[in-house]
Amino acid sequence: MKTRWAVLGSAGIARRRTIPEGIAKADNAELAAVFDVDASANAAVAAEFGARACASEDELLAADADVVYVATPAWLHHGQVLRAAAAGRHVFCEKPLGMTVAQGEAMVAACAKAGVKLGVGLMMRFHAQHRAALELVQSARLGVPVFARAQLSCWYPPIAGAWRQDPALGGGGSLMDLGGHCIDLLEMFFGPVAAVRCETARLVQAYDSEDTAVVLFDFACGAKGAVDCLFNVPDAASRNRLELYGSLGSILAEGTIGQGEAGRMEALLEAAPGDYAAAQVRAAAGGLEIAPPPVNTYRAEVEAFSRAVQENTPPPVPGEDGLWSQKVLAACYESARTGVKVVVR
Ligand SMILES: NC(=O)c1ccc[n+]([C@@H]2O[C@H](COP(=O)([O-])OP(=O)(O)OC[C@H]3O[C@@H](n4cnc5c(N)ncnc54)[C@H](O)[C@@H]3O)[C@@H](O)[C@H]2O)c1
């Protein structure tokens, strides 16, 4: 059985990744209908993937589909998710869930009231190397978790009309757009964040959203974390590092964070806490390469949400997780504004 997906905003990330790599390739999903305000791009997507091209959001919401995938700019998510839920469709919403915590709460409540599932596109959780690292963390191979870092940066110059460059349309810049993925991923490994300290800045790019964001945080488990997200360094300058440290070693990765299927990851683990080595002699290499068969994260998130619909089970990344991410991000912006550490509630 195939879950039928209808896509709102078919010509952005949906066209670049989620339709061709996810919905079209998934074993248990198919593309039913698409709508985008860019009618010609919408028609092209519909023709290429054999879906119905709708002329309006209303037409899409009335189409024969199980799931509405909301892949529009962030400022549109709230209204579109509410309308999709009212139309009785399960909803899969791109991150960030909404623009504010209040919007996120309303979206979660509306889907619960309508009796439909709400999932969020935090697809980096499905990355095969991240799952392998999670197994190591969960089996205590890292020992006591002490520090986690995630980095995601790119070059994002001013572009006329770009919604991410206006906080009123994107909810923020590099923190909202990239930081949400990074923090959510670190929480998958070390559990929820308890408090954040954040600095944002506009250092290079001539737009209103921040192009620089640095977050330091405390996990509830006691470990410390750091996330840095920049819109102002060349793409090749950032290795998009993931680093997890515990009392028994580390898991270090480059290039696993992002849209691709595989990066480089190694684990440097000891079987037991070592004696203090005054000379600090370190093995030159000796890491364990972590390279499971790659998984396409877009296909994985589509299949997982479709399965939840078919089997009537909770979505793997539920709306509540998107709401929590929104709360963490709001705390980050509050800290950046006030200069103090903010507890996440
Ligand atoms: N998970 C990921 O890997 C990932 C990557 C990129 C973007 N995203 C998220 O996806 C969402 C869209 O980002 P994007 O990069 O695709 O943006 P985009 O601007 O490239 O594409 C958005 C699309 O929505 C269309 N649109 C605008 N208003 C609309 C409306 N009222 N109804 C229907 N369509 C409308 C636009 O014409 C455009 O085709 C954002 O929430 C973003 O954060 C996620």
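Each number in this note's numbering comes from the position in the sequence shown (counting from 1) with 115 added on. We put the beta carbon where it would ideally sit given N, CA and C, even for glycine.
Query: Uninterrupted beta strand (DSSP E) stretches inside the segment 261-333 (no shorter than 3 residues); Result: 308-316
Query: Reference L188, options L176, G258, A180, D292, closest by Cα; Result: The sequence shown places Pro at residue 188, not Leu. Comparing Cα positions, the closest option is D292.
Query: Alpha-carbon to alpha-carbon, S289 and M116; Result: 39 angstroms
Query: For Q280 and R356, the rounded distance between their alpha carbons; Result: 24 angstroms
Query: Extent of the continuous beta strand (DSSP E) to which C208 belongs; Result: 205-208
Query: Any non-hydrogen atom of ligand 2 closer than 7 angstroms to L357 Cβ; Result: Ligand 2 is absent from the structure shown, which contains only ligand 1.
Query: Residues of its chain near L249, where Cβ-Cβ distance is below 8 angstroms and the 5 sequence neighbours each way are ignored; Result: M303, F304
Query: Option nearest A180 by Cα separation, candidates V231, M222, R130, I405; Result: V231
Query: R130 versus P388: straight-line alpha-carbon distance, rounded; Result: 49 angstroms
Query: Under the three-state DSSP convention, the category K339 falls into; Result: strand
Query: G378 vs E385 beta-carbon contact at 8 angstroms; Result: no
Query: Nearest neighbour of R132, chosen from Q441, A170, N411 [CA to CA]; Result: N411
Query: Counted within 10 angstroms of its Cβ, other Cβ atoms place D173 as buried (16 or more) or exposed; Result: exposed
Query: Sub-8 angstroms separation of E209 and A186 beta-carbons; Result: yes
Query: Residue closest to A328, alpha-carbon to alpha-carbon, out of L359, L301, G127, G295; Result: G295
Query: Pairwise C-alpha distance: C269 and A71; Result: What is shown of the chain runs 116 to 460, which leaves residue 71 out entirely.
Query: Those residues which DSSP pairs with C344 across a bridge; Result: A328
Query: heavy atom of ligand 1 below 7 angstroms from F420 C-beta; Result: no
Query: Counted within 10 angstroms of its Cβ, other Cβ atoms place C336 as buried (16 or more) or exposed; Result: exposed
Query: Selected residue, minimal CA-CA separation from G213, among D326, G437, A446; Result: G437
Query: A200 classed as buried or exposed, judged by whether at least 16 other C-beta atoms fall within 10 angstroms; Result: buried
Query: Q253 classed as buried or exposed, judged by whether at least 16 other C-beta atoms fall within 10 angstroms; Result: exposed
Query: Distance CB(A148)-CB(A170) smaller than 8 angstroms; Result: no
Query: Cβ-Cβ distance between A166 and A126 below 8 angstroms; Result: no
Query: Other residues of its chain near F164: CB distance less than 7 angstroms, five sequence neighbours each side excluded; Result: I134, A139, L146
Query: Which listed residue (V424, E416, L284, A316) has its alpha carbon closest to that of S450; Result: A316
Query: Contacts around Y413, its chain only, beta-carbon distance under 7 angstroms, and the 5 residues preceding and following it disregarded; Result: R132, T133, E136, G137, M238
Query: Buried versus exposed, by CB contacts within 10 Å (16 or more), A283; Result: exposed
Query: Distance, E325 Cα to P430 Cα; Result: 32 angstroms
Query: N- and C-terminal bounds of the alpha helix (DSSP H) containing T118; Result: It is not in any alpha helix (DSSP H) - T118 instead sits in the beta strand (DSSP E) that spans 118-123.
Query: A399 (DSSP reduced to helix, strand or coil); Result: Residue placement at A399 is flagged as unreliable, the pLDDT there being 47, under the threshold of 50; a coordinate-derived value is accordingly withheld.
Query: Counted within 10 angstroms of its Cβ, other Cβ atoms place E416 as buried (16 or more) or exposed; Result: buried
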